[in-house]
Structures are given as structure tokens and as C-alpha cells.
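Chemist: Counting with full-length UniProt numbering, you get residues 1 to 160 for the letters of the sequence shown. A virtual CB, placed ideally from N, CA and C, is assigned to each residue, including glycine. None of these values were measured; they are calculated from a predicted model.
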Amino acid sequence: MIVILDSNILALLVTPLDEKFSEDEKLGTEIHQCTKWFERLLSKGARIIVSDICDYEVRREFIRIKSKSVQELDNLRDLIEFKPVTFAVLEKAAELWAEARYLSQSNKIKENIDVDCIMAAQWCLLKEQYPGRKIIIATKNIKDFQRVTDCDVWQNITYL
1 MIVILDSNIL ALLVTPLDEK FSEDEKLGTE IHQCTKWFER LLSKGARIIV SDICDYEVRR
61 EFIRIKSKSV QELDNLRDLI EFKPVTFAVL EKAAELWAEA RYLSQSNKIK ENIDVDCIMA
121 AQWCLLKEQY PGRKIIIATK NIKDFQRVTD CDVWQNITYL
């Protein structure tokens, strides 16, 4: 199984828990639950991928707010695979973007779909490279991807 992490999941994985929380309070946070989910996937051998465009999305915000999470983001690169945004990815993303625009009236589709199209393109190219293999995007918002990809909210994704 290959799991591609959306930016919102990546941000959860590198955001530290507030030190003011008690141990019991930490257990109930989405950050803690997502981290445990991520660790379970890794321990069972799932291949976890993040697009460099998601790194960019998360990193720029952490830099803006001067967060120490930038270092956590760097450390994560030693643990999982980060996929570059190549010309082939951009070419496929452009096709997906044009198709999304064609299928929706301009004022009904969200304006900033570029990152989603790039991630969907990477998903499509991985499906071509690994036919028959389960490849899924883990996200908090499936509507961004469900038209083109196999995706689910992260809590629903398990690997046996």
C-alpha cells in the first residue's frame, strides 16, 4: 500500500503538542491520534509519500509564524519519501486542472486547486507505475480529490 499525505495531514504530523496539556489531554488530540496512525502504517510496512508541493505549503506557513516545526518537517524527510514535482507531474496536473474547469462552472470550482491537481497527478502517475497496487491519498477533506483519485480521511485508512 502507498499512502500519499495531503498537506493538512503533514501539518498534523510535524506540529508539536502544547506542553500545557496533561498526558490524558494529549491522547485526545488530533495531532496525537494522527501521529499514532502514521506510526502504525510505518510499522506495518506501508510506503508513505508526501509531495514536495505539500512540503512547500506547510513549510511556508511555519516559516511565516516562525515555528520550530520547520525542523520537524526536515526530520521527516529522513523517514518517508518526498516526491518531486517533475514536468510529467505538471503536465498531468494541467490536464486534470483543465478537466476540472471544463466540468464545473468557473464560479463553482474553488479557485486554488493547483496543489490538489498536482497531488492528484502524482497519484495518477503512481497508479500507472504500480498497476494493481493500492494507492490512496490521506486527507481531511476528500472532496478535493474524490473525482479523480482514491482518497479517504486519514482515520479510515488502515494497512493490515
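1. Compare the Cα-Cα distances from I80 to each of W97, S51, A121 and R60 and report the closest residue.
2. Give the secondary structure of R64 by DSSP, where H, G and I count as helix, E and B as strand, and everything else as coil.
3. Going straight from the alpha carbon of L103 to that of A93, what length do you get?
4. Hey, would you say L46 sits closer than 7 Å to M119, going by beta carbons?
5. Excluding the 5 residues flanking I63 on each side, which residues of the same chain have their C-beta closer than 7 Å to its C-beta?
6. How far does the beta strand (DSSP E) with V3 in it reach, from first residue to last?
7. Given N107, which residues of its chain have a CB within under 7 Å of its CB, disregarding the five upstream and five downstream residues?
8. With distances taken between CB atoms, is the gap from C151 to I157 smaller than 7 Å?
9. Determine, using beta carbons only, whether K83 and Q33 come nearer to each other than 7 Å.
10. Let me know if A138 comes out buried or exposed under the rule of 16 or more other beta-carbons within 10 Å of its beta-carbon.
11. Between D150 and chain D, is any beta-carbon pair separated by less than 7 Å?
12. My guess is that I48 and L12 are in contact by the Cβ rule of under 8 Å, so how many angstroms apart are they, rounded?
13. When you compare only the Cα positions, how much space is there between V3 and Y56?
14. Within 10 angstroms of the Cβ of I65, are there 16 or more other Cβ atoms? Answer buried if so, exposed if not.
Modeler: Per the coordinate set shown:
1. S51
2. helix
3. 15 Å
4. In the sequence on display, residue 46 carries Ala and not Leu. No, the Cβ-Cβ distance between A46 and M119 is not below 7 Å.
5. V70
6. I2 to L5
7. Here N107 scores only 43 on pLDDT, less than 50, and its place in the model is too uncertain to base an answer on.
8. no
9. no
10. buried
11. Of the protein chains in this structure there is only one, and it is not chain D.
12. Actually they do not touch by this definition, with Cβ atoms about 13 Å apart.
13. 19 Å
14. exposed
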